[in-house]
Ligand code: SF4
């Protein structure tokens, strides 16, 4: 369903263009397509005439960029970012791309993901390195590490910085000479390379390549660093190779269904989730309906598999502005009623299978169920295309603390009673992995299984900061 509707918030999206005279405008369009990944802030930084120029603001892409602002961003290279406040508060200082001037020039960085050792690195940089931070984002740690690198070339400094951080990052970075795009060795977040004429494009999802008519070239591999200069594109694998763990929740909820990520169509994975749910938990009912929009594909998959007709029982208001996208509990509750209304004639007196992609706190689901009951629905069979979320995410999806996750506090039967539905079934881990076409070693599933693929932020407190890490940061670069 999205946004503040009781589902995990998304995180961030990044975009980059190298070698196009309208780089800022293409980036603006790319950010539009990535708006679902972050709605609290947006920014674009352009390189041209030997300097970096940026504009950032709080709000939706359309709020932040008016024609005169965009028109001022000149240059044939640009990076852009849309943001949710997964780390650091939601204010202008934290909106990306972050920009910095340092001894070797100027740079800008857009980061999707969260670093698990950002706090420890920040403490070190402040206490031992005398660093002064401008923002409260973990991404600024990368900027500080780049600025402190003794490497001459910008890409080498970026790589040196990335060797020190642990966690999730898909980044685009820019200086006056080149653009660098990189994915962490575990490849938590997606990042694509595209091409439009002679220009190289980077984008979190393919939907952002489509909007500017760019060809899909390939996904950047986990642990890969791609460098674009006027001489062309180079690829490096400077980190120790580990088994990638892309975030399986990208398929369930985060990515747009018209995107392809981690080698698979999101639309197809979501439909398979729905089919698997129908096999796992069949029920006699009159209609299958979704909590729009992110559950639409799973509901279609359930309908196809079960033979029960799909109907639009809920109508979503797509014109809700930023007023209802504040990270604040009271507004969040209000937002549910603003965003969804039931199509009474479609559901009255019916036995419905209601599909949603996840349950976080449970408060929003309860309100949705209440709306259906008020419209005279006869039976509600609630089916969730994700397994119960029992743990927080530390890699860039904004889930609340464990204690506030309903599935970590109640059994499925207790949740059913709390929500007031006739039956409740969650997807199983096996059904999820089957839909995503992989096994448990191929994805991060930590919020469902507690099997985190890295150390956690709490492991990096001052006493333990010398403990072994999953990445060997001592290996020399090979180029
Ligand atoms: S913990 Fe969950 S949401 Fe976070 S990266 Fe892993 S699968 Fe994705």
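Numbering (the working numbering), first residue to last: 133 to 611.
Glycine included, every Cβ here is placed at the ideal spot set by N, Cα and C.
Closer than 7 Å by C-beta to residue i: which residues in its own chain qualify, once you throw out the five before and the five after it? Chain order, please.
i, result
"residue 348", "324, 326, 338, 341"
"residue 432", "403, 406, 442"
"residue 474", "445, 446, 503, 504, 507"
"residue 458", "The pLDDT assigned to residue 458 is 49, lower than 50, so where the model puts this residue is not dependable; a value taken from the coordinates is nonetheless given after this. Contacts found: none."
"residue 289", "278, 281, 283"
Just checking my contact of residue i with residue j at CB under 8 Å: how many whole Å lie between their CB atoms?
i, j, result
"residue 306", "residue 240", "5 Å"
"residue 378", "residue 576", "7 Å"
"residue 328", "residue 346", "4 Å"
"residue 205", "residue 585", "About 38 Å separates the two Cβ atoms, so there is no contact after all."
"residue 309", "residue 334", "At roughly 16 Å, the Cβ-Cβ gap does not stay under 8 Å, so residue 309 and residue 334 are not in contact."
"residue 430", "residue 390", "15 Å between Cβ atoms; not a contact."
Excluding sequence positions up to five away, which residues of its chain have a Cβ less than 6 Å from the Cβ of residue i?
i, result
"residue 520", "539, 558"
"residue 455", "Only weak support exists for where residue 455 lies, its pLDDT of 42 falling under 50; the coordinates are left without a value."
"residue 435", "420, 442"
"residue 174", "163, 193, 196, 214"
"residue 528", "143, 218, 245, 246, 300"
Can you tell me which residues form a DSSP beta bridge with residue i?
i, result
"residue 311", "306, 360"
"residue 332", "150, 327"
"residue 379", "576"
"residue 244", "302"
"residue 350", "325"
Report the option in the options whose CA atom is closest to the CA atom of residue i.
i, options, result
"residue 282", "236, 299, 248", "236"
"residue 211", "234, 477, 145", "145"
"residue 516", "330, 172, 495, 422", "422"
"residue 400", "411, 415, 384", "384"
"residue 392", "209, 243, 350", "350"
"residue 186", "242, 172, 560, 234", "242"
"residue 509", "363, 486, 158", "486"
"residue 388", "547, 166, 358, 150", "166"
"residue 437", "450, 427, 448, 413", "413"
Mind checking residue i: buried by the 16 CB within 10 Å criterion, or exposed?
i, result
"residue 551", "buried"
"residue 160", "buried"
"residue 169", "buried"
"residue 470", "exposed"
"residue 549", "exposed"
"residue 424", "buried"
"residue 266", "exposed"
"residue 90", "Not covered by the structure: residue 90. The range shown for the chain is 133 to 611."
"residue 546", "exposed"
"residue 172", "buried"
"residue 482", "buried"
"residue 588", "exposed"
"residue 181", "exposed"
"residue 451", "exposed"
Using a Cβ-Cβ cutoff of less than 8 Å, which residues in the same chain neighbour residue i once the five nearest sequence positions on both sides are dropped?
i, result
"residue 524", "531, 532, 533, 534, 537, 579"
*Considering only heavy atoms of the ligand GDP, list every residue whose Cβ is less than 6 Å from one of them, following chain order.*
By its list of ligands, the structure shown excludes the ligand GDP, since it contains just the ligand SF4.
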